[in-house]
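Everything in the sequence shown is counted per the UniProt record's numbering, starting at 1 for the first residue and increasing by one. Here is the structure we will look at.
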Amino acid sequence: MLTYAWKLWKNGTSLELLDPILRDNYSRNEVLRCIHIALLCVQEDPSRRPSMTSIVLMLNSYSTTLPLPREPASFMHSKDGGIAVDNLFNMFSYLTFLFHILLCFFIHGNAQTSDPYTFHSCLPDNFTKNTAYQSSLDLLSNDFPTIAAVKTFYSTSFGQPPDSVYGLFQCRGDVNSTICENCVAEAARNIPLFCPLSKGALFWFDECIFRYSNNPFFSQLSINVSFALLNTADIDVDKARFNELVMSLLTDTGDRAADNALVNGSFATQVVNFTSDVTLYALAQCTGDLSTQSCRECLANVIETIPICCTNKLGGRALFPSCYVRYEVYQFFNLEVQPPATPTPPLLPPPPSPPPPPPGIFRPLDSFC
């Protein structure tokens with residue numbers, strides 16, 4: 001297994017390690033990073049293996065640069081230079097076990113722990129290193145975090161055509177300036193990690209959207225790329241009414257966000273009771289460059305994807321470049337909200353109050369182009 005994993009790594013085909021059943025349920029970059037870390041853990045030279053502290057840091061921070069692995073050990077040498085055959089099977093079994101454990105830990109851990117990073121998409125066109133375009137992109141990456149300390153939305157361009165970079169960020173309407181700044185800074189740090197040399201990219205975080213391109217896109221409704229993130233748990237009572245309530249709640253929240261387009265950054269939240277024990281929380285937002293009409297159209301389109309990804313699910317979100325919506329059965333935004341409306345009597349006995357569910361599964365609905 002280890003030899004096979006190394007061969008795939010060298011050939012740039014590491015994803016062939018995964019069971020095809022996982023194909024639509026993982027982030028390509030996250031899995032490749034997992035395999036990279038696993039190979040570092042089985043280096044022949046113990047001094048080249050990361051400590052457990054380093055492994056935890058690598059798994060939780062994409063800003064940590066990973067060293068390149070060397071070919072792992074496949075056997076042990078005895079003191080006289082020969083092969084210690086007795087240790088061969090144990091050594092191989094141990095390394096294979098470690099490789100599997102780390103791989104499973106990473107995939108399972110990312111499905112069960114909260115991470116502000118949501119998803120990204122890269123444009124296929126690349127630029128050349130050390131060119132005017134890279135200089136423009138570096139200016140954007142350096143300036144945006146500073147601007148985010150005082151603004152929740154900003155759009156501008158850097159450089160002169162044909163080397164101009166057009167960029168914007170939009171922080172969530174309920175976060176403070178520190179969270180906004182940190183989110184935009186993290187997105188900027190992710191550019192060389194996830195989209196090296198790409199002329200354009202889009203990053204979705206819980207607290208912000210970060211986007212740049214070599215072509216102007218401001219004030220243009222963008223629905224050409226979409227992703228969905230869903231809660232893996234299902235509502236177990238009165239599913240039809242639950243789904244209907246989710247859609248009506250998101251539609252109303254979207255309308256409120258569009259009406260606020262010129263007030264507080266096209267942002268709105270709402271709360272409503274499904275039963276006396278289950279409360280629905282909803283959020284909708286557009287980027288600040290959209291008009292009221294464009295925001296309303298964007299949100300209407302993104303809400304239409306919710307039944308595709310999230311029917312019967314206790315939580316879900318759909319992401320477009322220019323807008324997104326989200327709903328959960330727990331409060332995930334920071335605004336002080338009004339008490340929810342009086343609950344509608346359920347058709348069946350209400351279920352017990354669900355615990356905060358695990359984050360869901362990434363499900364791409366289209367590609368960035």
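Even for Gly, the Cβ is constructed at its ideal location relative to N, Cα and C.
CB of Ile-303 within 8 Å of CB of Val-271, strictly: Locating residue 303 in the sequence shown gives position 303, where the first residue counts as 1. Locating residue 271 in the sequence shown gives position 271, where the first residue counts as 1. No, Cβ-Cβ distance for Ile-303 and Val-271 is not below 8 Å.
Start-to-end residues for the alpha helix (DSSP H) that takes in Gly-254: In the sequence shown, counting from the first residue as 1, residue 254 sits at position 254. Gly-254 -> alpha helix (DSSP H) spans 239-259.
Residue range of the unbroken alpha helix (DSSP H) whose run includes Asn-130: The count along the sequence shown starts at 1 and reaches residue 130 at position 130. Segment: none, Asn-130 is in no alpha helix (DSSP H) and carries neither H nor E.
At least 3 beta-carbon pairs within less than 8 Å: the segment 285-298 vs the segment 191-198: no
Distance, Glu-244 Cα to Asp-234 Cα: Counting from 1 along the sequence shown, the entry for residue 234 is found at position 234. Counting from 1 along the sequence shown, the entry for residue 244 is found at position 244. Distance between the alpha carbons of Asp-234 and Glu-244: 15 Å.
For Leu-249 and Tyr-154, the rounded distance between their alpha carbons: The residue labelled residue 154 in the question sits at position 154 within the sequence shown. The residue labelled residue 249 in the question sits at position 249 within the sequence shown. Their backbone Cα atoms lie some 29 Å apart in a straight line.
Residue burial classification, Gln-285 (beta-carbon count within 10 angstroms, cutoff 16): Within the sequence shown, numbered from 1, the residue matching residue 285 stands at position 285. When all chains shown are included, Gln-285 counts as buried.
C-alpha distance - Pro-340 paired with Phe-203, whole-angstrom precision: Counted from its first residue, the sequence shown places residue 340 at position 340. Counted from its first residue, the sequence shown places residue 203 at position 203. Bear in mind that a pLDDT of 44 at Pro-340, under 50, signals an unreliable position, so the model cannot answer this.
Own chain, CB closer than 8 Å to Met-247, minus 5 neighbours either side, in chain order: Counting from 1 along the sequence shown, the entry for residue 247 is found at position 247. So the qualifying residues of the chain are Ile-303, Ile-306 and Pro-307.
Beta-carbon spacing of Phe-144, Phe-169 below 8 Å: In the sequence shown, counting from the first residue as 1, residue 144 sits at position 144. In the sequence shown, counting from the first residue as 1, residue 169 sits at position 169. Yes, Cβ-Cβ distance for Phe-144 and Phe-169 is below 8 Å.
Inter-residue spacing [alpha-carbon to alpha-carbon] between Phe-332 and Ser-222: Reading the sequence shown from its first residue, position 332 is the one you call residue 332. Reading the sequence shown from its first residue, position 222 is the one you call residue 222. Taking the straight line joining both Cα atoms gives about 26 Å.
Span of the beta strand (DSSP E) around Ile-209: Here the question's residue 209 lines up with position 209 in the sequence shown. Start and end: 208-213.
Length of the line joining the Cα atoms of Leu-17 and Tyr-4: Residue mapping note: residue 17 aligns to position 17 of the sequence shown, counting from 1. Residue mapping note: residue 4 aligns to position 4 of the sequence shown, counting from 1. Looking at the two C-alpha atoms, the distance is approximately 9 Å.
Inter-residue Cα distance where the pair is Tyr-51 and Val-42: Here residue 51 refers to the residue found at position 51 of the sequence shown. Here residue 42 refers to the residue found at position 42 of the sequence shown. It is worth fixing the name first, because residue 51 is Ser in this sequence and not Tyr. If you take the alpha carbons of Ser-51 and Val-42, they lie about 12 Å apart.
Whole-number beta carbon distance between Ala-201 and Tyr-212, since they are thought to touch under 8 Å: Numbered from 1 along the sequence shown, position 212 holds the residue referred to as residue 212. Numbered from 1 along the sequence shown, position 201 holds the residue referred to as residue 201. Correct: roughly 6 Å between the Cβ atoms.
Of the listed residues Cys-34, Pro-216 and Trp-6, nearest to Ser-157 (C-alpha basis): Start at 1 with the first residue of the sequence shown, and residue 157 comes out as number 157. Looking at the Cα atoms, Pro-216 is the closest of the given residues.
Cut-off 6 Å between Cβ atoms - residues of its own chain near Pro-46, not counting five sequence neighbours on either side: Mapped onto the sequence shown, residue 46 falls at position 46. For Pro-46, where only same-chain residues beyond five positions count, there are no Cβ hits under 6 Å.
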